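Undergrad: To start, I am sharing the structure in question, which I have written as structure tokens.
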Amino acid sequence: MTLCASTRRAFYALCAIAVIGSSAAAAPNLPHLRQQGTATQLMVDDQPFLVLGGELHNSSASHLPYLNRLWPALKRAELNTVLAPVQWDQVEPVEGRYDFTVLDGMLKQARANDMRLILLWFGAWKNSMSTYVPPYVKRDTKRFPRALNRAGAAQEILTPFGEQTLQRDTAAFRALLAHLKQADTQRTVIMVQVENEIGMLPDVRDFGPLANAALAGQVPQRLLDYLQAHRTTLHPSLLALWNAQGQRTSGTWAEVFGSSTGAEEVFQAWAYAAFVETMSAAGKAAYPIPLYVNAALNRPGKKPGEYPSAGPLPHLFDVWKAAAPSIDLLAIDTYFPNFTDWAPQFKRHDNPLFVPEADNAGRHDAAAKAFYAIGEHDAFGFSPFGIEDSTGLGDDALPAAYRLLRELAPVINQHQGAGRTRGFKARVSYDGVVDAAPQQATMGGVTLNVAFGNPWAKADNKDIESFGGLVIRLADDEFLIAGKGLTVTFKDATGAGDSIGLELVTEGTYENGKWVPGRWLNGDEIHQGRQVMLVTGAFTAQRVKLYRYK
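Its first residue numbered 162, the sequence shown is counted upward by one per residue in the numbering used here.
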């Protein structure tokens, strides 16, 4: 590892404890992740749980009277989960003395409002910076050294190579999870985020003396073993760095990866991930709840340091997976228009899709992104940022979408991971150019053509961005289509040459997982049998029975 021998020994001891304690993940009612086919589901009270969330602004949960005023709006927003920060400086204002008054009040308020919580640990880093650390950490730069930029100037960023920083952040995080084990027997908290949008600014890496010494040292064997075991699936950028040095199986960082900016980012990523692993292993030893880290995305054409370098980004997933096995998933924070480009990069065989931070709650296409992520990539949750900014009224897009997704959750959870769900949203480039072209998907023996909008409703690009939905194949000839503004036609995909007709289309709702049909839509509403159309002004669901004829 990149830390000293004593810290390394402590790290491996914590890992051993975590392995022993991890069996508790199967204990009744303890939140955990479960594999179902190609999907990973979050299990809460031993049932699949679809997170319909909203993340609070950074300071909204730091003052209980302020937070208490938000719950009516949060409930009107149709959430089932609130993502809320827990601040290190508030938990440990004096070294070694922990105060969980605010957390306990948050738990009490959430339970009173029938809401689950995902806690965000704002520890050593929040959005790269170290502004949530306690005063005793801020004032003592010898015990808790700062990262230096290339010019040697100290940044308001703690270096991940500081032993005391690692020990104190780990102790506080472990204390947090130990407290949850005792104070949250109701399992109000279902996941915990470790740190927030880790990344180095304004340079690719820390240039302090501790970092430079680590860079001159040997690449940890665990990373080298991972590279060899996963050589056929490594991200192309990491593989290229390793290939350029002859796929070495030992050596310094420069010998194994070279001295490019990309190689330096790999080094910094390992340092961050190894730090997080020590914290996470210690936390899980106290209370093995699902843990994740979140990534601030890199903009096109920007160099590491111009974006938060070395965070859990797709091109660094392999480094993070190797260094931090106690982290259950790497999650996407998305504020760019091209969500359909980014989302599939975060869905891997070893990484489920979870979206803890997506734009702002009031953005016009947030609901469409939720349907797309859940339907197309088996996401087990979605959460816009700044949820308290939303009015939470019934005609808002997000609450209406969440109401429908809450109804559909049992059938979604039933069919996830079996290739029976698809999601649809218009593609948008990073520059905001909307691609309104129809999209195709083959499900069983049928090909679906999905268009955005319908012939009788005018739609501009902003409207088209807000259209989206999901399709579930309930049986060979039966589909559930849900969302807003989609027009779907069906063609034979078997090569038999059959025509596909609409035998019966009904609108309706799900109640306790059972379909309750409403109007039969076999006339104008399906253009006399030509297509299924979801209205453009609301989120609705239709059940479709097909038949074949020649």
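Glycine included, every Cβ here is placed at the ideal spot set by N, Cα and C. Keep in mind it's a predicted model, so treat the numbers as computed, not measured.
Give me, in chain order, the residues of the same chain whose beta-carbon lies closer than 8 Å to that of glycine 323; leave out the 5 immediate sequence neighbours on both sides.
TA: If we look at glycine 323 and ignore the five residues flanking it on each side, its Cβ neighbours are Arg304, Phe305, Pro306 and Leu371.
Undergrad: What's the gap between the Cα of lysine 299 and the Cα of histidine 525?
TA: So the two alpha carbons sit approximately 40 Å from each other.
Undergrad: Cβ-heavy atom distance between aspartate 345 and the ligand ATP below 7 Å?
TA: Looking for the ligand ATP in the displayed structure turns up nothing, as the structure carries no ligands at all.
Undergrad: Candidates Thr394, Pro397 and Leu281: which alpha carbon is nearest asparagine 219's?
TA: The candidate whose alpha carbon is nearest that of asparagine 219 is Leu281.
Undergrad: Give the C-beta separation of threonine 320 and glycine 369 to the nearest angstrom, bearing in mind that I take them to be a contact with Cβ-Cβ under 8 Å.
TA: Correct: roughly 5 Å between the Cβ atoms.
Undergrad: Excluding the five sequence neighbours on either side, which residues of its own chain have a C-beta within less than 8 Å of the C-beta of serine 223, listed in chain order?
TA: Once the five neighbours on either side are set aside, the close Cβ partners of serine 223 are Pro246, Gln248, Gln251 and Val263.
Undergrad: My guess is that histidine 538 and lysine 508 are in contact by the Cβ rule of under 8 Å, so how many angstroms apart are they, rounded?
TA: Indeed they touch by this definition, with Cβ atoms about 4 Å apart.
Undergrad: Does the separation of the CB atoms of leucine 490 and tryptophan 481 fall below 8 Å?
TA: Going by C-beta atoms, leucine 490 is not nearer than 8 Å to tryptophan 481.
Undergrad: Since histidine 510 is in the alpha helix (DSSP H), which residue starts that stretch and which ends it?
TA: Looking at the DSSP string, histidine 510 is not in any alpha helix (DSSP H), and its letter there is neither H nor E.
Undergrad: Between the C-alpha atoms of isoleucine 687 and leucine 695, what's the straight-line distance to the nearest angstrom?
TA: Rounded to the nearest angstrom, the two C-alpha atoms are 9 Å apart.
Undergrad: Quick check: the Cα distance between serine 289 and phenylalanine 436, rounded to an integer number of angstroms?
TA: Their backbone Cα atoms lie some 14 Å apart in a straight line.
Undergrad: Would you say isoleucine 548 and glutamate 216 are within 8 Å of each other, going by their C-beta atoms?
TA: Yes, Cβ-Cβ distance for isoleucine 548 and glutamate 216 is below 8 Å.
Undergrad: So what does DSSP say about glutamate 216, is it helix, strand or coil?
TA: Here glutamate 216 sits in strand by DSSP.
Undergrad: With H, G and I counted as helix, E and B as strand and the rest as coil, what does DSSP make of glutamine 196?
TA: Reduced to three states, the DSSP call for glutamine 196 is strand.
Undergrad: Would you call the region 357 to 366 and the region 444 to 457 in contact, with 3 or more CB pairs under 8 Å?
TA: Contact between the region 357 to 366 and the region 444 to 457 is present, because at least three Cβ pairs lie under 8 Å.
Undergrad: Could you tell me which residues DSSP pairs with tyrosine 297 in its beta bridges?
TA: Note: tyrosine 297 sits in no beta bridge, so no partner.
Undergrad: Looking at glycine 630 and lysine 645, is the spacing between their C-beta atoms short of 8 Å?
TA: In contact: lysine 645 and glycine 630 (Cβ atoms closer than 8 Å).
Undergrad: Please state whether DSSP places aspartate 364 in a helix, a strand or coil.
TA: Correct three-state label for aspartate 364: coil.
Undergrad: Within 10 angstroms of the Cβ of proline 560, are there 16 or more other Cβ atoms? Answer buried if so, exposed if not.
TA: When all chains shown are included, proline 560 counts as buried.
Undergrad: Pick helix, strand or coil for lysine 445, following the three-state DSSP scheme.
TA: Helix.
Undergrad: According to the neighbour-count rule (16 or more other Cβ atoms, all chains shown, within 10 Å of its Cβ), is tryptophan 414 buried or exposed?
TA: Buried: at least 16 other Cβ atoms inside 10 Å.
Undergrad: Would you call the region 493 to 504 and the region 610 to 617 touching, i.e. three or more CB-CB distances under 8 Å?
TA: Flag = no, the region 493 to 504 and the region 610 to 617 do not touch.
Undergrad: With the cut-off set at 8 Å, would you say arginine 581 and isoleucine 633 are in Cβ contact?
TA: Yes, Cβ-Cβ distance for arginine 581 and isoleucine 633 is below 8 Å.
Undergrad: Could you check if glutamine 270 is buried or exposed, using at least 16 other CB atoms within 10 Å of its CB as the buried criterion?
TA: Per the 10 Å Cβ criterion, buried.
Undergrad: Hey, could you find the ends of the alpha helix (DSSP H) glutamate 626 is sitting in?
TA: Start and end: 622 to 627.
Undergrad: For glutamine 714 and glutamate 668, what's the separation of their Cα atoms in angstroms?
TA: The chain is shown only over 162 to 711; residue 714 falls outside these bounds and no answer can be derived.
Undergrad: With a CB to CB cut of under 6 Å and the five nearest residues on each side skipped, what residues in its chain are close to histidine 476?
TA: Correct list, in chain order: His396 and Ser398.
Undergrad: Mind checking whether arginine 583 and glycine 536 have CB atoms under 8 Å apart?
TA: Closer than 8 Å, so yes.
Undergrad: If you draw a straight line from the C-alpha of glutamate 256 to the C-alpha of threonine 331, how long is it?
TA: For glutamate 256 and threonine 331, the distance between alpha carbons rounds to 13 Å.
Undergrad: If you reduce the DSSP assignment to three classes, tell me which class asparagine 190 lands in.
TA: Three-state DSSP puts asparagine 190 in coil, outside helix and strand.
Undergrad: In or out: serine 420 buried (at least 16 other Cβ within 10 Å) or exposed?
TA: Per the 10 Å Cβ criterion, exposed.
Undergrad: Please return the same chain residues whose Cβ sits closer than 8 Å to the Cβ of proline 254, not counting the five positions on each side in sequence.
TA: The residues are Asp260, Pro295 and Pro296.
Undergrad: Would you give the residue range spanned by the beta strand (DSSP E) that threonine 292 belongs to?
TA: Here threonine 292 belongs to no beta strand (DSSP E), and DSSP marks it neither H nor E.
Undergrad: Given a cut-off of 8 Å on the beta-carbon distance, is the pair alanine 654 and threonine 603 in contact?
TA: Cβ distance < 8 Å, so alanine 654 and threonine 603 count as in contact.
Undergrad: Run the CB neighbour count on threonine 701, radius 10 Å, all protein chains shown included, and call it buried at 16 or more, exposed below.
TA: The residue is buried, with at least 16 neighbouring Cβ atoms inside 10 Å.
Undergrad: Using DSSP with H/G/I as helix, E/B as strand and the rest coil, what is tyrosine 710?
TA: Note: tyrosine 710 maps to strand in three-state DSSP.
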